[in-house]
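Take a look at the structure below.
In our numbering, the protein residues as written are 447 to 774.
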C-alpha cells in the first residue's frame, strides 16, 4: 500500500483518481477547498485553499509515495512543489492537449507548445499557457509524469459536452434533433474511469515523461450516431451547415447556446492526438458506446430537460429547426 496525495481530489477527474487509488488499496489523502464536492469515502480530506501560503502545512511533514496534481494555476503548482517536492517519490501532473501552439492538425507529445504564462494566475482564456507554465515547474522534479489529457467524458461530467447529444436524443424520442454538419470532424473522447485507472497505474509503475491521455480516434458523425443508437432515437437528425449556425449565433464546443463537440478547423487536432506512447504505457479504453451509455444513465438522473452548461435548450433548438426547415 502506498501513500497517495491527490491535490484536487474532490473535483470530477480528481475525485475519480482518488476513488481509483482507494480501489487499488492505497492510503489516500485529498487536499482541496472542497467546493466541487466531497472526497471519496475512505479518503482523508484536508481542506485548504491552495492560494494560501500555509495550504500545505498539514501534509508537508511526511513523505508521499505518489502525488497527483490537477491544478491549472502555475502559482499553486509551484507552491505545492516547494512544500512537498522533496518528500514525494513520484509526481504526476494532469495537463491538457490545450497546451499546443498549433491545434489544427495531428499532435504528438513533441509538437510545439504555447509560451508559458508569465505569472502566477491564469485567466480562463489563458488556460493553455497556464498549463504550460505548470508543466515547466513540474519538470524540475526528478521523477515526474505529465499526462496531457484530451476530451474527457463519462458519468459525472458537469461540462455537459459529451452528454448533450445522447440526452437530447433520449428527450426528443421521435422528434427532430439539430446536429452540426461536421460528420467527418475528428474526435477523441476518453472515459474518465479509464483515464483515472491508467493515471494511478502509471504512477504506481513509476513511469515518467510526457504522454497523451486521449480516446480512440473517431469522428463527430460516429459519436452522434452512437449516441442516437444508445438513446433509442427514432426521429430525424437535421443537419445544419457551420455557416448557418454561425449566422444564427450558435457557438462551437460548449456554452449555453452551442452545439457541443463541434470545433473550428483551427482546433481539429484535439481529435488527432497520438496515442502510440500511451498504449505503450498501458492505456486501456472501453468502447465509446459504453461511455455514452453510462453518460445517459447519469443524464437521466440529473434531468434530461434541465438547464445545461453546454448545448442548446430544447426551446431554442426547436425554434432553429423551424427556421432552418422554412428556408429549405
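Ideal placement from N, C-alpha and C gives every residue a C-beta, glycine not left out.
Using a threshold of 9 Å, state whether the C-beta atoms of residue i and residue j are closer than that.
i           : j           : result
residue 512 : residue 584 : no
residue 729 : residue 626 : no
residue 476 : residue 517 : no
residue 456 : residue 482 : yes
residue 566 : residue 520 : yes
residue 599 : residue 628 : no
residue 470 : residue 646 : yes
residue 641 : residue 459 : yes
residue 529 : residue 501 : yes
residue 462 : residue 478 : no
residue 589 : residue 654 : yes
residue 734 : residue 672 : yes
residue 527 : residue 586 : yes
residue 663 : residue 721 : yes
Can you tell me which residues form a DSSP beta bridge with residue i?
i           : result
residue 697 : 704
residue 449 : 473
residue 594 : 541, 658
residue 599 : 637
residue 649 : DSSP lists no partner for residue 649.
residue 665 : 632
residue 514 : 452, 538
residue 625 : 685
residue 559 : 546
residue 490 : 475
residue 756 : 701
residue 553 : 719
Please name the residue, chosen from the options, that lies closest to residue i on a Cα-to-Cα basis.
i           : options            : result
residue 495 : 453, 641, 463, 510 : 453
residue 678 : 739, 712, 761, 664 : 739
residue 750 : 484, 612, 489, 465 : 612
residue 522 : 577, 752, 748      : 577
residue 540 : 574, 744, 509, 550 : 574
residue 745 : 615, 683, 719, 726 : 615
residue 620 : 582, 731, 674      : 674
residue 694 : 555, 543, 767, 505 : 767
residue 507 : 531, 586, 631, 489 : 531
residue 472 : 559, 448, 487      : 448
residue 557 : 465, 582, 719      : 719
residue 631 : 480, 753, 698      : 698
residue 737 : 524, 602, 569, 683 : 602
residue 546 : 536, 554, 754, 559 : 559
residue 524 : 582, 760, 692, 752 : 582
residue 752 : 643, 509, 490, 617 : 617
residue 683 : 763, 747, 543      : 763
residue 504 : 491, 515, 514      : 491
residue 643 : 536, 572, 731      : 731
residue 536 : 652, 515, 542      : 652
Could you round the C-beta distance between residue i and residue j to whole angstroms and report it? I think they count as a contact, below 8 Å.
i           : j           : result
residue 669 : residue 633 : 6 Å
residue 681 : residue 623 : 6 Å
residue 605 : residue 700 : 6 Å
residue 756 : residue 610 : 6 Å
residue 778 : residue 770 : There is no way to answer for residue 778, as the model of the chain reaches only from 447 to 774.
residue 696 : residue 758 : 7 Å
residue 538 : residue 649 : 5 Å
residue 607 : residue 725 : Their Cβ separation, rounded to whole angstroms, is 25 Å, which puts residue 607 and residue 725 out of contact at 8 Å.
residue 723 : residue 569 : Not really, about 31 Å apart at Cβ, beyond 8 Å.
Determine, using beta carbons only, whether residue i comes closer than 9 Å to chain B.
i           : result
residue 662 : Protein chains in the displayed structure number just one, and chain B is not present.
Checklist line | Touching by the beta-carbon criterion (3+ pairs, under 8 Å), the segment 653–660 and the segment 592–599 | finding: yes
Item checked: Meets three-Cβ-pair contact criterion under 8 Å: the segment 534–551 and the segment 711–726 -> yes
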